[in-house]
Amino acid sequence: MKKNITRLLLLCVLVLTQVACGQPNDPYADYRIVYKGDSGPGKGKNIVFIASDHEYRSEESLPALARILAKRYGFTCTVVFGLDSQRNILPGSSDLRGLDALNNADLMVIFTRFSDFPDEEMQHINDYLEKGKPVVGLRTATHAFNNAKNPKWGHYSYQYKGPNTTWRDGFGETILGETWVGHYGKNHAQASRLLLEQGQESHPVLAGVKDVFVQCGGYNAEPELTGSTVLARGQVLNGMTPDSPADTSKKELPVAWVRNYKLDNGASGRVFTTTHGASEDLLNEGFRRMLVNACFWTMGMEKDIDPQGDVNFVGPYQPTTFNFDGYKANVKPADLAGFESLIMPGEIVTPKKK
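Structure representation (structure tokens):
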């Protein structure tokens with residue numbers, strides 16, 4: 031009897047210690063990491079980042095953004111990754127678990143591509159949206175899902191044309207304001223300069239934003255057709271450096287916009303979408319500031335936006351050049367834990383040609 035009581039007491043001490051250290055037993059610990067801020071306007075608020083695209087290194091962009099929002103502004107930021115069979119981060123993987131974190135989230139930031147998540151994970155996303163909560167979508171989130179064959183969640187697929195007309199062209203069109211249409215210019219050869227939309231300079235998302243240059247190429251997009259408000263347009267460049275000349279054969283298309291999505295149950299939430307967000311895009315201070323501002327604005331926290339607020343990286347950030355041919359392999363989410371771990375460790379592994 032005494033032995034059992036002693037064991038029980040020891041177990042209670044262990045659990046209390048884990049909780050005090052911010053490490054409670056987590057059944058999805060392999061899939062996610064948490065950056066917890068200490069102070070700032072975001073203290074007490076939770077942001078969930080969903081990272082799994084094949085090309086643009088969302089597994090690097092999103093942890094970097096999460097650490098800024100946590101350390102500089104006090105948010106609790108949970109980043110959830112797609113994994114391989116060895117529980118290493120695998121760009122584009124649909125083996126992604128742990129979206130129950132959305133149950134208590136104040137914001138969802140999504141950067142996935144052609145995903146087909148398990149039903150229970152999709153349920154968490156759907157429940158979140160049906161509460162009318164805000165969304166920030168980056169780059170390939172316009173075609174976040176390719177799950178047309180799923181009888182329950184096929185309407186999220188980027189080319190959905192089924193009977194639920196509210197969800198025509200899926201999550202991208204319905205929630206973010208645009209689905210996948212195609213590239214605009216030569217990706218990997220033509221970078222972009224972002225031009226702030228005339229008449230929108232005073233929008234809170236653009237507070238303090240200037241000199242925005244991004245590496246990834248443009249997308250065809252017409253978010254105005256879904257009632258979105260354009261904040262910036264992309265000037266396609268003939269080159270990959272900020273001083274590259276503009277490609278005068280290309281008109282300037284929308285690359286950042288805001289809107290409110292509306293669902294059949296009456297739910298409505300604020301949205302910010304950008305067709306950029308690759309790993310190296312975050313090296314630009316103006317772009318980082320726009321993303322930070324967007325997170326505040328979508329949560330209705332525009333009064334807390336500081337045009338001069340600190341958007342410097344937290345810890346070392348050494349982004350991998352975005353491409354399909356290689357990524358930092360054999361990296362587990364736990365390798366990115368804490369504010370001083372390197373983003374991104376590991377060695378670039380080039381997949382074998384089939």
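The opening residue of the sequence shown carries number 31 in the numbering used here; numbering runs sequentially from there.
Backbone N, C-alpha and C fix where the C-beta goes; we use that ideal spot for every residue, glycine too.
| Query | Result |
| --- | --- |
| Buried/exposed call for residue 255, threshold 16 Cβ in 10 Å | exposed |
| Cβ distance (whole Å) where residue 110 is taken to contact residue 169 below 8 Å | So it is not a contact: roughly 17 Å between Cβ atoms. |
| Three-state class that DSSP yields for residue 304 in the structure shown | strand |
| Under 9 Å between C-beta atoms of residue 290 and residue 301 | yes |
| Three-way DSSP call (helix, strand, coil) for residue 450 in this model | The chain is shown only over 31 to 384; residue 450 falls outside these bounds and no answer can be derived. |
| Residue 304 and residue 329 closer than 9 Å at C-beta | no |
| For residue 253, three-class secondary structure by DSSP | helix |
| Element boundaries [alpha helix (DSSP H), containing residue 101] | 88–103 |
| Identity of the residue in 164, 140, 361 nearest residue 175 by Cα | 140 |
| Selection from 375, 310, 344, 306 that minimises the alpha carbon distance to residue 142 | 306 |
| Cβ contact (3+ pairs, closer than 8 Å) linking the segment 267–286 and the segment 326–343 | no |
| Unbroken alpha helix (DSSP H) run spanning residue 156, endpoints | 149–159 |
| Distance, residue 354 Cα to residue 155 Cα | 27 Å |
| Burial state of residue 309 (16 or more Cβ within 10 Å) | buried |
| Same chain, Cβ closer than 7 Å to residue 368, neighbours up to 5 away in sequence not counted | none |
| Candidates 250, 59, 87: closest to residue 350 by CA position | 87 |
| Under the three-state DSSP convention, the category residue 134 falls into | helix |
| Backbone CA spacing between residue 370 and residue 97 [nearest angstrom] | 10 Å |
| Nearest residue (CA-CA) to residue 222, options 262, 238, 326 | 262 |
| DSSP-derived helix/strand/coil call for residue 205 | helix |
| For residue 235, the three-state DSSP class (helix, strand or coil) | helix |
| One or two residues paired with residue 290 in a DSSP bridge | 300 |
| Beta-carbon separation (whole angstroms), residue 317 vs residue 244, contact threshold 8 Å | 6 Å |
| For residue 186, three-class secondary structure by DSSP | helix |
| Rounded straight-line distance, which links the Cα of residue 281 to that of residue 364 | 44 Å |
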